[in-house]
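Numbering (my numbering), first residue to last: 449 to 1096.
Backbone N, C-alpha and C define an ideal beta-carbon position, used for all residues, glycine too.
Below is one structure, written out as structure tokens; the observations come after it.
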Amino acid sequence: MIDPSRVNSPPDSGGYDTRAMSDPTSPVAGLATPYRTHTCGALRASDAGSPARLAGWVHRRRDHGQLIFIDLRDRHGLTQVVIDATDSPEAHEIASRARSEFVVTVAGEVARRLPGTENPRLPTGEIELRATEVTVLNEAKTPPFYINDPDAPIDETLRLKYRYLDIRREAMQRRLELRSRLVQAIREVHHASGFVEVETPNLIKSTPEGARDFIVPSRLQPGEVYALPQSPQQLKQLLMVAGVDRYFQIARCFRDEDLRGDRQPEFTQLDLEMSFVDEATVMDFVERMAIEVSRAVVPERTLLATPFQRFTYHEAMERFGSDKPDVRFAMELVDLAPEIRGTAADGAPASGFRVFDEALAGGGRVKAITVPGLGDAPRSRIDELTEAAKRFGARGLAHLSVEASGSVKGPIVKFLGEDLAERLAARAGAKPGDLVLIVADSSAVTNDVLGRLRAELGTQLGLADPDVLAYAWVHRFPMYQWDVENGRWDATHNPFSGVLPEDEVLLTTTSGDLAQPTPDDPAGRARAMQYDIVLNGWELGGGSVRIWRHDLLERSFALQGYSRERMQNMFGAMLEAFEYGAPPHGGIALGIDRWAALLAYQVNIREVMAFPKTQSGSDLMLDAPSEPDPAQLAELGLQFVGVPNRTG
RNA sequence: GGACCCGUGGUGUAGCGGCCCAACAUGCCAGCCUGUCACGCUGGAGAUCGCCGGUUCGAAUCCGGUCGGGUCCGCCA
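Structure, rendered in structure tokens:
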């Protein structure tokens, strides 16, 4: 039986040596409490002979009758506790009733294990705690999944419903610790670099642009709403006007959009902004910060290239078919047009394969990637790839196989002729045994489809070294893209992104009237001082040097079709602030969840979040969202309309 | 908004028209066991196969719907 007086009051720690845990140089300093003198990962052979008290969860119990072993677990490790009936019949009796996940505290003497029974797989494997006292602090129901088996697959629903048990598992503990170290390292670098950490509010004003806002009804002002920030974008720019000079924040952000492996409705950004900077200043700082943080958090990982590779948007799209290229492997896109164009005397495309010729004649492209070792891929594999290409938006996918003998085969060889087929394969850089995949379409479709195929094949074929961290920059994005539906120019990223100084003259329309935009306007060629940081094929973050001059800001907004009233309503505070002396400034925001996931070898940011939501935005543990109390709605002056009755 | 995959004792899986009132492993419960570390041995309990409807002589199995989870497209300045 459990003695209730012992359960509810801490056991006496008097007489036990707590010096190890009060040693300020020890990573477990200060963790000694009345319930424990050491953590379950602390004891070593040098502690043999000392008394100790441990507390934790019963990881596993091995009952040999008169002798019981308990592996006791806490966040810090696992220690074997031995309870020998001849040492203490009382302790043995209690231990025999202990079950998995019971919370216990045990006291006794640290002893070297008997020769031959050491466990080299445990850091504490040379010793064991010979317990003379066992106290059950709390019993536990049988858990709904295996907390003590790192390899057991667990249904995602169960993990999320019982997240507090999921997090007890070692893998989750390690990931949360890694994330904690990541944030700590980020803070240290910023503080050492003269940044001020400023918190900005979460109840702000909705801006009807970009992602869908989460809104919060106001009780004090019925009929009006706050919005949760999609990012602290405007606030940090106002901090620059306020003279804060160098700001950063680990900021929670909210976007009411559909979820993905790398997207949750609430997520965390490293948000920063700097005054009196140009593009290079910000990129150089962020790059140095990212390197220092990576080395501090995951010193064992290889950084692919320092300084980071920098691609213009145009270059990234041409070479990788993506604005977030995974540069851990090559398989770059190759333009086949020069070989095809040379096939006729007048330079007109005449490859003999109509799809290629028509694409080129229509101003499109014929490009290829070479897949190493897939030259002998069966028909079914080619069909899969063709299927994927169509899903990505291509009309088809041509291929050439280079056989071991060097001869080039494939259904299109009969149109191209062997000579041209061989020259195309050679231009694509194909070696015997390789497969050349060719897309002919508009420039945008060709690059996009090949880029997606490249990314998918890179994963499938294991071309990317998982231990490598490949950071890269992509910059000089187009300022605007043509919005066909609304017949206007849209900011490709942030509407406050600045234009490259040499492209300032392009911020106009053909007619000169900013209110009359057309798809052929010079504005379409203007490039932004916008930069994205990419890590292993994921967009880690993006930022820009802002438009800090009032006149340019108004011009840019006018091009995007904003009326003066709309501008005033959406960005009134900023526009006014910019009339009071805004310094040149720029910044960036990095996804902390994505960064932590990539550093932890994960493909889903749920794995580095304590309490994430499902793909349908539910919190299975708290059962959120849920129906509001009618009184709450009444207080806010709200009622649901057009919501189908939910039953069951 | 759309496509695809999954849902069977506590957990992970098998079974995919009758041989199944459902099998295996593990977990759980009881007993035995003094050197285990995924301890071992013996015995036992535990599922109307997510839910609703249909087809059929007969449904875990086929069909439709629905709910939940996942992956992806759209969406994500």
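For this session: Return yes when the Cβ of A559 is within less than 7 Å of the Cβ of E581, no when it is not.
Result: no
Exercise. Comparing alpha-carbon positions, which option in M927, S548, P563, E1024 lies nearest K589?
Worked result: S548
Exercise. Between M688 and R492, what straight-line distance do the alpha-carbon atoms span, to the nearest angstrom?
Worked result: 53 Å
For this session: Apply the 10 Å Cβ neighbour rule to G1035 and answer buried if 16 or more other Cβ atoms are within range, or exposed otherwise.
Result: buried
For this session: Evaluate the contact criterion for the segment 750–763 versus the segment 648–655: three or more CB pairs, one atom per stretch, below 8 Å.
Result: no
For this session: Would you check if the distance between the CB atom of L718 and the CB atom of L988 is smaller than 7 Å?
Result: no
Exercise. Can you name the start and end residues of the beta strand (DSSP E) that G556 belongs to?
Worked result: 551–560
Problem set entry | Backbone CA spacing between S849 and P859 [nearest angstrom] | 10 Å
Problem set entry | For G990 and V982, the rounded distance between their alpha carbons | 9 Å
For this session: Indicate whether the contact test is met: 3 or more Cβ pairs, each with one atom in the segment 918–932 and one in the segment 993–1000, closer than 8 Å.
Result: no
Exercise. Between the Cα of L630 and the Cα atoms of P1060, L1068, A1058, A1048, which residue gives the shortest distance?
Worked result: A1048
Exercise. Given E587, which residues of its chain have a CB within under 7 Å of its CB, disregarding the five upstream and five downstream residues?
Worked result: F550
For this session: Reducing DSSP to helix, strand and coil, say where Q685 ends up.
Result: helix
For this session: Measure the CB-CB distance between A976 and F1026 and report whether it falls below 7 Å.
Result: no
Exercise. Assuming A888 and V814 make a contact with CB atoms under 8 Å, what is their CB distance in whole Å?
Worked result: 4 Å
For this session: Leaving out five residues on either side along the sequence, give the residues of the same chain with a beta carbon under 7 Å from the beta carbon of V646.
Result: L687, V692, Y695, Q697
Exercise. How do the segment 803–823 and the segment 879–894 stand: do at least 3 beta-carbon pairs fall below 8 Å, yes or no?
Worked result: yes
Exercise. What is the residue span of the beta strand (DSSP E) that T957 lies within?
Worked result: Careful: T957 lies outside any beta strand (DSSP E) and carries neither H nor E.
For this session: Determine the DSSP secondary structure at M1057, reduced to helix, strand or coil.
Result: coil
Exercise. Between which two residues does the beta strand (DSSP E) carrying L608 extend?
Worked result: Premise fails: L608 lies in the alpha helix (DSSP H), 604–609, not in any beta strand (DSSP E).
Exercise. Under three-state DSSP, which class holds I788?
Worked result: helix
Problem set entry | the segment 1051–1062 / the segment 701–718 touching (three or more Cβ pairs under 8 Å) | yes
Problem set entry | Pick from A1006, A918, N984, W921 that is closest to L955, judged by C-alpha positions | A1006
Exercise. Looking at the structure shown, is R627 part of a helix, part of a strand, or coil, going by DSSP?
Worked result: helix
Problem set entry | Member of Y919, K684, N942, D968 whose CA lies at the smallest distance from the CA of M927 | N942
Problem set entry | Residue burial classification, S457 (beta-carbon count within 10 angstroms, cutoff 16) | Bear in mind that the predicted position of S457 carries a pLDDT of just 49, short of 50, making it unreliable; the figure below should be weighed with that in mind. Looking at its Cβ environment, which holds fewer than 16 other Cβ atoms inside 10 Å, S457 is exposed.
Exercise. Applying the criterion that 16 or more other CB atoms from any shown protein chain within 10 Å of the CB defines a buried residue, is Q908 buried or exposed?
Worked result: exposed
Exercise. Would you report the Cα separation of D980 and V922, rounded to the nearest angstrom?
Worked result: 5 Å
For this session: Following the continuous beta strand (DSSP E) through P504, name the residue where it begins and the one where it ends.
Result: Note on residue identity: the sequence assigns Gly, not Pro, to residue 504. It spans 499–511 - the beta strand (DSSP E) in which G504 sits, taken as one unbroken run.
Problem set entry | Beta-bridge pairing of A579 - partner residues as DSSP gives them | G556
For this session: Could you name the residues that DSSP lists as bridge partners for T565?
Result: Looking at the DSSP assignment, T565 forms no beta bridge with any residue, so it has no partner.
For this session: Please go through the same chain and pick out, in chain order, the residues whose beta-carbon is closer than 7 Å to the beta-carbon of G642, but skip the five residues on each side of it.
Result: R694
Exercise. Given 8 Å as the limit, is there contact between the segment 911–921 and the segment 833–848, that is, 3 or more CB pairs closer than that?
Worked result: no
Problem set entry | Integer Cβ distance of Q678 from A659, believed to fall under 8 Å | 5 Å
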